[in-house]
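Structure record follows, encoded as structure tokens.
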Amino acid sequence: MGWQSRTRTLQVFDTELSADTVEWCPLPQFSHVLACGTYQLQKGDEKETAENCPAPSRIGRVYLFDCNPQTSFIPPLTETQRIDTPAILDLKWCHVLISERPVLGMATASGEIQLYKLMDSQQGTCGLENELSTGLGPDRLALSLDWSTGRGESSDVRVVSSDSSGSLTALSLGEASLTAVCQWKAHDFEAWIAAFSYWDTQIVYSGGDDCKLKGWDLRMGSSTPTFTSKRHTMGVCSIHSNPHREHILATGSYDENVLLWDGRNMKQPLSETAVGGGVWRLKWHPTQEHLLLAACMHNDFHILHCQKAMEGQDAPCPVLASYILHNSLAYGADWSRLPLSNSAPPSPQEPPQTSVGFTESGGHLRIQYESPTASFDTTLEDDSGRYIPEQCSLPEKSSVPDPFTSHARDSQSLSCLMATCSFYDHMMHVWRWDWSPEDKQKPSEPVLSS
Numbered sequence: 036m037g038w039q040s041r042t043r044t045l046q047v048f049d050t051e052l053s054a055d056t057v058e059w060c061p062l063p064q065f066s067h068v069l070a071c072g073t074y075q076l077q078k079g080d081e082k083e084t085a086e087n088c089p090a091p092s093r094i095g096r097v098y099l100f101d102c103n104p105q106t107s108f109i110p111p112l113t114e115t116q117r118i119d120t121p122a123i124l125d126l127k128w129c130h131v132l133i134s135e136r137p138v139l140g141m142a143t144a145s146g147e148i149q150l151y152k153l154m155d156s157q158q159g160t161c162g163l164e165n166e167l168s169t170g171l172g173p174d175r176l177a178l179s180l181d182w183s184t185g186r187g188e189s190s191d192v193r194v195v196s197s198d199s200s201g202s203l204t205a206l207s208l209g210e211a212s213l214t215a216v217c218q219w220k221a222h223d224f225e226a227w228i229a230a231f232s233y234w235d236t237q238i239v240y241s242g243g244d245d246c247k248l249k250g251w252d253l254r255m256g257s258s259t260p261t262f263t264s265k266r267h268t269m270g271v272c273s274i275h276s277n278p279h280r281e282h283i284l285a286t287g288s289y290d291e292n293v294l295l296w297d298g299r300n301m302k303q304p305l306s307e308t309a310v311g312g313g314v315w316r317l318k319w320h321p322t323q324e325h326l327l328l329a330a331c332m333h334n335d336f337h338i339l340h341c342q343k344a345m346e347g348q349d350a351p352c353p354v355l356a357s358y359i360l361h362n363s364l365a366y367g368a369d370w371s372r373l374p375l376s377n378s379a380p381p382s383p384q385e386p387p388q389t390s391v392g393f394t395e396s397g398g399h400l401r402i403q404y405e406s407p408t409a410s411f412d413t414t415l416e417d418d419s420g421r422y423i424p425e426q427c428s429l430p431e432k433s434s435v436p437d438p439f440t441s442h443a444r445d446s447q448s449l450s451c452l453m454a455t456c457s458f459y460d461h462m463m464h465v466w467r468w469d470w471s472p473e474d475k476q477k478p479s480e481p482v483l484s485s
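Our numbering puts the first residue of the sequence shown at 36, with every later residue one more than the last.
In structure tokens:
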């Protein structure tokens, strides 16, 4: 059976300041909430001399959106709040409620980890309120953070952060405090990323501009890493523990490669996949254990299928889909947990549309977004403006795996909602990816009589 893969832009939002991180709330009752963080370097007046020129300031802004992707003719996002902050390097939602509220963590250029709780407003929307803030130390930028709650477990909620001095900080969240439990020098230069093992939250991984990937066991102290890998050849800037498969870890680097690891053997990766751009962020799918979303800086966004690599077959992870409509550094990326229908709902008077090709439909090609690089994102519509799913065959279909187990592939399809953002063009895109089995069947052979 062949499979169709298709991306489609739903909305483009100008963040005004350079956008570098987007995060959907992972809690089911708040999965319609999306946060986007920005980072802007403000230089001093050009007329000022080197002696009296102040250090450049870094400003930021966090945007909050409400998303309703089921409306046919209305853009799905509604901005509900914007808050000016120090420049934001990373955002992460806690995967469990804290004091019965969702909490958003923020790593800032002021060297702080800031926590915001999501509150209901009188207007019926949600808004962020600053709850706690902890400084990591003077003269440093907080570069990343991760929560220990990636598998939805609420016991002993903790945060780990990395910073521009090369240090990591483990923090404990109490009822009214965010307290640094330990801090240690982990890397020679910037520690770009820190992440928990979601299966053993005493284990922390880190990556730095010294090209090293390291592991740390918080029970053993921080003087010596449990391992040091130099398998990446440039700075390590993304790490994500798989919340569905124990021991599986994905890492990315400025060396333009995604490595998949088994945490029990960090001497050699399970696989290496060249993606053509520095890998700033990696995100495992919320429910599909083999799907990995990669933000590849100079080479757009890609969805990788990692099943064979996770089974130890030592093969690169094939790319199932790519989103190429950003015009600047691809930095922020995240999967939504919101459910999506496979196509826009038909009007009550008409039967549902079947999937048809462009040459068969008589539809109208509508340009959703035109980029300065002359790339287009399009949807096919009928006369009443409804979306017609497009028949788009993948090259070399036989070499592209399906994202489901073999016993379910004949009946299942997958529709995912994503948010991505890019830096210098200060844009955030919300888009969907549809993956479904082909409906076309070959005509039966004529029976020849003897």
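Where is the CB? At the ideal position from N, CA and C, for every residue including glycine.
| Asked | Found |
| --- | --- |
| Between Tyr-233, Thr-120 and Pro-353, which lies nearest to Cys-71 when the distance is taken from Cα to Cα? | Thr-120 |
| According to DSSP, is Pro-19 part of a helix, a strand, or is it coil? | Residue 19 lies beyond the range of the chain shown here (36 to 485); nothing can be said about it. |
| Might you give, ordered along the chain, the residues of its own chain that have their beta carbon closer than 6 Å to the beta carbon of Thr-56, omitting 5 neighbours on each side? | Gly-72, Asp-125, Leu-126 and Gly-367 |
| Got a sec? Which residues, its chain only, sit under 8 Å from Val-195 by beta carbon, not counting five neighbours each side? | Leu-180, Asp-181, Ser-183, Leu-203, Thr-204, Ala-205, Leu-206, Ala-229, Ala-230, Phe-231 and Val-239 |
| Starting from the Cα of Leu-355, find the closest Cα among Asp-252, Glu-307 and His-340 and give me that residue. | His-340 |
| Bridge partners of Cys-217, per DSSP? | Ala-205 |
| Taking the beta carbon of Cys-217 as the centre, do at least 16 other beta carbons fall within 10 Å, making it buried, or is it exposed? | exposed |
| Please report the distance separating the alpha-carbon of Asp-252 from that of Arg-43. | 43 Å |
| According to the neighbour-count rule (16 or more other Cβ atoms, all chains shown, within 10 Å of its Cβ), is Ser-190 buried or exposed? | exposed |
| Taking the straight line between their C-alpha atoms, what separation do you get for Leu-305 and Ser-197? | 26 Å |
| Identify, in the order they occur along the chain, each residue of the same chain with its Cβ nearer than 7 Å to the Cβ of Ile-118, setting aside the five sequence neighbours on each side. | Arg-96, Val-97 and Leu-163 |
| Roughly how far, in whole angstroms, is the beta-carbon of Arg-299 from the beta-carbon of His-275, given that I think they are within contact range, below 8 Å? | Actually they do not touch by this definition, with Cβ atoms about 17 Å apart. |
| Can you list, in chain order, the residues of its chain with a C-beta nearer than 6 Å to that of Thr-263? Leave out the 5 residues immediately preceding and following it. | Lys-247 and Lys-249 |
| Since Asn-24 sits in a beta bridge, which residues does DSSP pair it with? | This structure cannot settle anything about residue 24, because the visible part of the chain is limited to 36 through 485. |
| Just to confirm, is the Cβ distance from Ser-134 to Gln-149 under 8 Å? | no |
| Could you tell me the distance, in whole angstroms, from the CA atom of Phe-411 to the CA atom of Arg-41? | Only weak support exists for where Phe-411 lies, its pLDDT of 36 falling under 50; the value from the coordinates is given anyway. Their Cα atoms are separated by approximately 14 Å. |
| How far does the alpha helix (DSSP H) with Lys-265 in it reach, from first residue to last? | Taken as a continuous stretch (DSSP letters only), Lys-265 belongs to no alpha helix (DSSP H), as it is neither H nor E. |
| Count the other C-beta atoms from every protein chain shown that fall within 10 angstroms of the C-beta of Gln-105, then say buried if there are 16 or more, exposed otherwise. | exposed |
| Taking the beta strand (DSSP E) that Lys-318 falls in, what are its first and last residues? | 316-319 |
| According to DSSP, is Arg-486 helix, strand or coil? | The question about residue 486 has no answer, for the chain in this structure spans 36 to 485. |
| Helix, strand or coil for Gln-342, going by three-state DSSP, please let me know. | helix |
| Does the separation of the CB atoms of Tyr-289 and Gly-311 fall below 8 Å? | no |
| Tell me whether Glu-58 is buried or exposed, calling it buried when 16 or more other Cβ atoms sit within 10 Å of its Cβ. | buried |
| Looking only at C-alpha atoms, which of Val-47, Arg-193 and Thr-113 sits nearest to Cys-161? | Thr-113 |
| Please name the residue or residues paired with His-464 in a DSSP beta bridge. | Val-47 and Thr-455 |
| Determine the extent of the beta strand (DSSP E) in which Thr-143 is found, giving its start and end residues. | 138-143 |
| Where do the ends of the beta strand (DSSP E) carrying Leu-153 lie? | 147-155 |
| Buried or exposed: which applies to Gly-287, given that a residue is buried once 16 or more other Cβ atoms fall within 10 Å of its Cβ? | buried |
| Is it right to say Gly-243 is buried, meaning 16 or more other beta carbons lie within 10 angstroms of its own, or is it exposed? | buried |
| Which of the three DSSP states, helix, strand or coil, is assigned to Arg-186? | coil |
| With 16 as the cutoff for other CB atoms within 10 Å, does Ala-177 come out buried or exposed? | buried |
| Which same chain residues, not among the five before or five after Phe-48, have their C-beta less than 6 Å away from its C-beta? | Met-463 |
| When you compare only the Cα positions, how much space is there between Ile-359 and Gly-172? | 39 Å |
| Residues bridged to Gln-303 by DSSP? | Beta-bridge pairing links Gln-303 to no other residue. |
| Going by other Cβ atoms of all chains shown within 10 Å of its Cβ, with 16 needed for buried, is Pro-63 buried or exposed? | exposed |
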